[in-house]
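Protein chains in written order, with my numbering: chain B, 1 to 175; chain X, 1 to 175.
Read the structure below first, then the notes.
There are 2 protein chains.
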Amino acid sequence: MNRGKALHGTVGPSFARGAHDHTVCLEEAVQRAEALCEQRGVRLTKQRRDVLEIVWSGHRPLGAYDILAVLVQEQGRKPQPPTVYRALEFLQDQGLVHRVESLNAFVGCPLPGERHSCQLLLCRACGDSAEMVDPEAVESLKRSAGTAGFEVEKVTVELKGLCPRCASDRAGAGA
Amino acid sequence: MNRGKALHGTVGPSFARGAHDHTVCLEEAVQRAEALCEQRGVRLTKQRRDVLEIVWSGHRPLGAYDILAVLVQEQGRKPQPPTVYRALEFLQDQGLVHRVESLNAFVGCPLPGERHSCQLLLCRACGDSAEMVDPEAVESLKRSAGTAGFEVEKVTVELKGLCPRCASDRAGAGA
DNA sequence: TTGCTTTTGTTATATCGTTGCATCTATAAC
DNA sequence: GTTATAGATGCAACGATATAACAAAAGCAA
């Protein structure tokens, strides 16, 4: 878990730490979600939990229709797009998942409950993502915008590039 | 024009400066585009120039289908989506327009030719946008990502909130 | 002119997201 | 327990965004 961790640098089980036990990773995410929803008096229904688990099945952002496909595969019923989008909306409102604007996709948030604007690292090679917290950058952005008279409400930062693994693979291949 | 201007703070005819002569603004943008394309030996065809002018008809990001609608309205012919997307792709490659990821829309770049990652200010009330340059923030982001072993190739920053005009309108309304 | 490359036209289709309304389910008041 | 209510889900249709594949045309150079 990340509770009590200083909010600077990469957070969550990002590719920065290499391999990890994803079963545990997923379990902890669901437990955090349960605790938060309980605490806030909102309902983490089966649909919502299912969608959360699918999003958390990896660290690669998933499209709404990817999620839908998994739901269809896993269950007898045949949910429609609104089902998925509604669940995602709830999860976003609760800060449990982030929307990745540049991919039209969704990814689990390793820091639910903490008020933060997230900075996402997106690997263009393997598709994996990680969340990073850089308060200085965010402060600088807000300051610059403020100088221009702009009142910032939401900060979206997405960095595209190569994750450590893919970068070294590329280097190793002689590129 | 912005040539020679220090690359820090808002750039272009943003809402930071209030009203401006947009006819001149558009003309200069097209002239910059022509000069750049000439210099690079690429072709700013009629289609591409038309799309550029439509994008630059205001400072509000336009969707591809908005642009398409204007093309249909202005011309006898009836272009199809690929026409617009191809023109937009060209203009993006040449750094003449930016894609606004969080809006699935496109907006003219006031700094073509300069190598920069753009930080966009997006007003949620009036829809207008402005471009800002904050090298410190970008450096900080790259540094943070680098610490995690991530090789940054592209930095996307979009700030949503209220532009000066809309912010003061709101305040004036007693809100 | 001829041949080649680049651009545009055209049709169809893929992908992403929402509206509107009916139905069901959990919760609470009685 | 029954019933009223709000919240959640099911469902059908649709709207918005984006691309694939191939044909035709336009620019350019030998």
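Glycine included, each C-beta is placed from N, C-alpha and C at the ideal position.
Bear in mind that the values here come from a model prediction, so they are computed numbers and not experimental data.
Among the bridge pairs identified by DSSP, HIS98 (chain B) is matched with B:VAL107. Leaving aside the five residues that flank LEU88 (chain B) on each side, the residues in its chain whose CB is nearer than 7 Å to its CB run, in chain order, VAL51, ALA64, VAL97, PHE106. Residue contact check for ALA167 (chain B) against chain X: a CB pair falls below 8 Å. At a cut-off of 8 Å between beta-carbon atoms, ASP128 (chain B) makes no contact with chain X.
Inclusion of CYS118 (chain B) and CYS109 (chain B) in the CB contact set at 8 Å is warranted, their separation being smaller than that value. When only Cα atoms are considered, ALA35 (chain X) and VAL24 (chain X) end up about 16 Å apart. As for any alpha helix (DSSP H) of minimum length 4 sitting wholly inside the region 101-160 of chain B, the runs are 135-147, ordered along the chain.
LYS78 (chain X) and VAL70 (chain X) have their C-alpha atoms some 10 Å from each other.
Under the 8 Å Cβ criterion, the region 138-156 of chain X counts as touching the region 155-175 of chain B, having at least three qualifying pairs.
Residues of the region 77-102 of chain X with a C-beta atom less than 8 Å from some C-beta of chain B are GLU101, SER102, listed in chain order. Shown in chain order are the members of the region 145-165 of chain X whose Cβ falls below 7 Å from a Cβ of chain B: ALA145, THR147, ALA148, GLY149, PHE150, GLU151, VAL152, GLU153, LYS154, VAL155, THR156, VAL157, GLU158, LEU159, LYS160, GLY161, LEU162, CYS163, PRO164.
Interface annotation for the region 129-143 of chain X against chain B: ALA130, MET132, VAL133, ASP134, GLU136, ALA137, VAL138, GLU139, SER140, LEU141, LYS142, ARG143, criterion Cβ-Cβ distance under 9 Å.
At a C-beta separation below 7 Å, GLN119 (chain X) has these neighbours in chain B: LEU141. Close CB contacts of VAL72 (chain X) within its chain, under the 8 Å cut and outside five residues either way in sequence, are with LYS78, PRO79 (chain order). The C-alpha of PRO112 (chain X) lies about 8 Å from the C-alpha of GLN94 (chain X). When beta bridges are read from the DSSP output, VAL11 (chain B) appears opposite B:GLU131. When Cβ-Cβ separations below 8 Å define contact, THR10 (chain B) makes contact with chain X. The closest CA to that of HIS20 (chain X), considering only X:GLU53, X:ASP169, X:SER57, is found on X:SER57.
The C-alpha of LEU120 (chain X) is placed about 7 Å away from the C-alpha of SER129 (chain X).
Following the DSSP letters along the chain, one finds PRO61 (chain X) in no alpha helix (DSSP H), marked with neither H nor E. Secondary structure of LEU44 (chain X) (DSSP, three-state): coil. Linking LEU141 (chain B) to ALA137 (chain X) through their CA atoms gives a straight-line distance of about 6 Å.
Cβ neighbours of GLY127 (chain X) within its own chain (closer than 6 Å, five residues either side excluded): ARG60. Straight through space, the alpha carbons of GLU38 (chain X) and LEU91 (chain B) are spaced by roughly 50 Å. DSSP places GLY76 (chain X) outside any alpha helix (DSSP H), giving it a letter other than H or E. Boundaries for CYS163 (chain X): no alpha helix (DSSP H) harbours it, and the DSSP string shows neither H nor E there. SER102 (chain X) is positioned such that its CB atom lies no closer than 8 Å to that of ASP134 (chain B). With respect to LEU68 (chain X), PRO81 (chain X) sits close: the two C-beta atoms are nearer than 8 Å.
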